[in-house]
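Numbering (the working numbering), first residue to last: 2 to 504.
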């Protein structure tokens with residue numbers, strides 16, 4: 002199983018069940034899990050009084066193992082129990098026999114007095130209801146006191162499959178097992194988890210033959226095998242020709258997109274622009290070609306765009322960044338021309354806004370297109386294109402992006418600090434490397450150009466989008482503070498060198 006796989010709660014239960022069927026007892030798995038958390042604590046903190054908050058289920062059983070291991074290491078340990086001691090069953094009951102119930106106290110804020118560290122082993126990822134009662138009050142007291150907290154699996158109150166929070170407080174460290182869950186990478190869960198450690202607890206080696214996850218953390222491990230090959234005998238047309246539509250007024254957006262497409266490796270990049278804007282583009286772009294489209298009207302320009310797309314060497318099209326400025330009758334005719342071309346198409350910004358009043362018209366065009374399509378909405382654009390998504394049974398970001406991809410027939414890149422890239426078949430990747438400095442005007446235009454440049458070189462739509470999102474984040478991280486969108490393309494050579502160093 003890919004190490005970037007994100008397992009749902011049910012998939013992790015299945016993986017553990019398969020391991021137990023192979024002869025490893027649940028008690029052994031619980032022991033390994035608890036020891037892994039204790040080892041992580043011992044590696045990060047000096048000896049101090051610790052309060053272990055234990056729920057009545059297996060998460061609480063893990064907590065009892067942690068308490069025993071820390072006590073054996075010489076730490077002062079207090080176990081605080083939620084509910085009755087008699088509620089322990091199965092493997093957790095076996096662990097409970099190591100403790101004198103009289104030495105334990107109920108979970109309540111007063112139990113935290115004198116603590117230097119708190120272990121949250123209350124509920125873990127299996128919680129399916131809002132956190133309440135004494136558990137919520139005690140965790141709020143942890144946060145109010147500023148005590149460092151270690152969460153077992155996920156902080157209690159975070160839903161493992163979605164990352165949504167229902168009363169959780171922030172942990173300094175979260176230790177999970179075998180593979181991460183969606184909650185570890187999707188906000189707000191990701192922020193509430195703090196540092197995440199994935200511990201190996203010895204699940205059976207062939208579990209990947211039976212458990213088939215569809216969610217992954219977006220890293221090069223997932224899409225690197227699809228990266229465009231470059232050999233000594235390649236010429237520029239074999240590296241793809243990206244075509245970017247450039248608007249007549251907001252010229253900076255498409256210039257950023259074109260530079261990004263070229264930097265990420267497209268052999269040629271052309272900006273197709275209205276005649277009135279040719280001088281602006283030509284003066285600002287050197288290695289990128291500028292081609293004029295006839296007519297000021299969108300319908301006339303669309304007809305001209307169709308002629309340009311008659312060149313079979315053009316291998317991907319981007320439409321949207323800065324597209325609407327100065328156009329009569331909107332962007333729709335241009336979108337129709339691009340989608341009818343049979344090329345891979347990226348639709349961003351104005352190309353999405355043009356269909357906000359009639360998204361079904363866009364989806365019909367996409368489903369009739371002969372080439373793959375990638376949509377790159379931010380949350381506002383997404384809400385206007387897919388208003389029904391908020392009524393989903395679980396309207397979390399992952400579920401909404403998946404639903405939207407199936408609804409429209411395209412790869413959907415739902416942007417944000419935890420960008421989700423979702424494909425029609427339900428596979429989705431969650432990005433985790435984007436710094437907050439990407440919240441700057443024009444960064445989305447660069448991302449759209451990166452996707453287009455990779456599509457032009459022959460990458461599949463999902464992998465091109467995922468790779469572009471990751472490169473986008475790495476470029477921003479490489480630059481650091483003070484980032485503006487213009488800086489991103491110039492960071493790509495260094496990022497690409499690091500990525501391709503293993504070749």
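Heads up, the beta-carbon is just placed ideally off N, CA and C, and yes, glycines get one too.
query	result
Hey, residue 410 and residue 425 are a contact pair by Cβ (cut 8 Å); roughly how many whole angstroms apart?	6 Å
Taking only three categories from DSSP, how would you classify residue 175?	strand
Determine the closest residue to residue 223 out of 500, 323, 3, 475, with distance taken between C-alpha atoms.	3
Tell me, please, which residues DSSP counts as bridged to residue 217.	6, 430
Considering only the alpha carbon of each residue, which of 225, 13, 148 lies closest to residue 208?	13
Rank 148, 194, 217 by C-alpha distance to the C-alpha of residue 430 and give the top, closest one.	217
My output table needs one value for residue 334: the three-state DSSP class, helix, strand or coil.	helix
Candidates 347, 332, 344, 21: which alpha carbon is nearest residue 355's?	332
Assuming contact is defined by CB atoms lying nearer than 9 Å, are residue 482 and residue 438 in contact in what I supplied?	yes
Does DSSP put residue 456 in a helix, in a strand, or in coil?	helix
Give the secondary structure of residue 250 by DSSP, where H, G and I count as helix, E and B as strand, and everything else as coil.	coil
What are the residues that DSSP puts in a beta bridge with residue 152?	121, 175
Does the distance from the CB of residue 79 to the CB of residue 50 come in under 9 Å?	yes
Ends of the beta strand (DSSP E) at residue 273?	269-275
Which two residues bound the contiguous alpha helix (DSSP H) that contains residue 105?	Looking at the DSSP string, residue 105 is not in any alpha helix (DSSP H), and its letter there is neither H nor E.
Evaluate the contact criterion for the region 448-461 versus the region 263-271: three or more CB pairs, one atom per stretch, below 8 Å.	yes
Roughly how many angstroms lie between the CA atoms of residue 55 and residue 149, to the nearest whole one?	17 Å
Please classify residue 76 as buried or exposed, where buried requires at least 16 other C-beta atoms within 10 Å of its C-beta.	buried
For residue 151 versus residue 125, is the C-beta spacing smaller than 9 Å?	no
Kindly list the residues whose CB is nearer than 7 Å to the CB of residue 115, restricted to its own chain and excluding five residues on each side of it in sequence; keep chain order.	50
Taking the Cβ atom as the reference point for each residue, do residue 198 and residue 170 lie within a distance shorter than 9 Å?	no
What is the DSSP secondary structure of residue 359, reduced to helix, strand or coil?	coil
Rank 133, 403, 310 by C-alpha distance to the C-alpha of residue 340 and give the top, closest one.	310
Return yes when the Cβ of residue 292 is within less than 9 Å of the Cβ of residue 274, no when it is not.	yes
For the alpha helix (DSSP H) containing residue 67, list its first residue and its last residue.	59-73
Taking all protein chains shown into account, decide if residue 231 is buried (16 or more other Cβ within 10 angstroms of its Cβ) or exposed.	exposed
Distance, Cα to Cα, residue 303 vs residue 336?	8 Å
Hey, out of 343, 344, 364, whose CA is closest to residue 353's CA?	364
Which first and last residues belong to the beta strand (DSSP E) in which residue 306 is found?	Segment 299-309 is the alpha helix (DSSP H) holding residue 306; no beta strand (DSSP E) there.
Straight-line CA distance for residue 308 to residue 298?	16 Å
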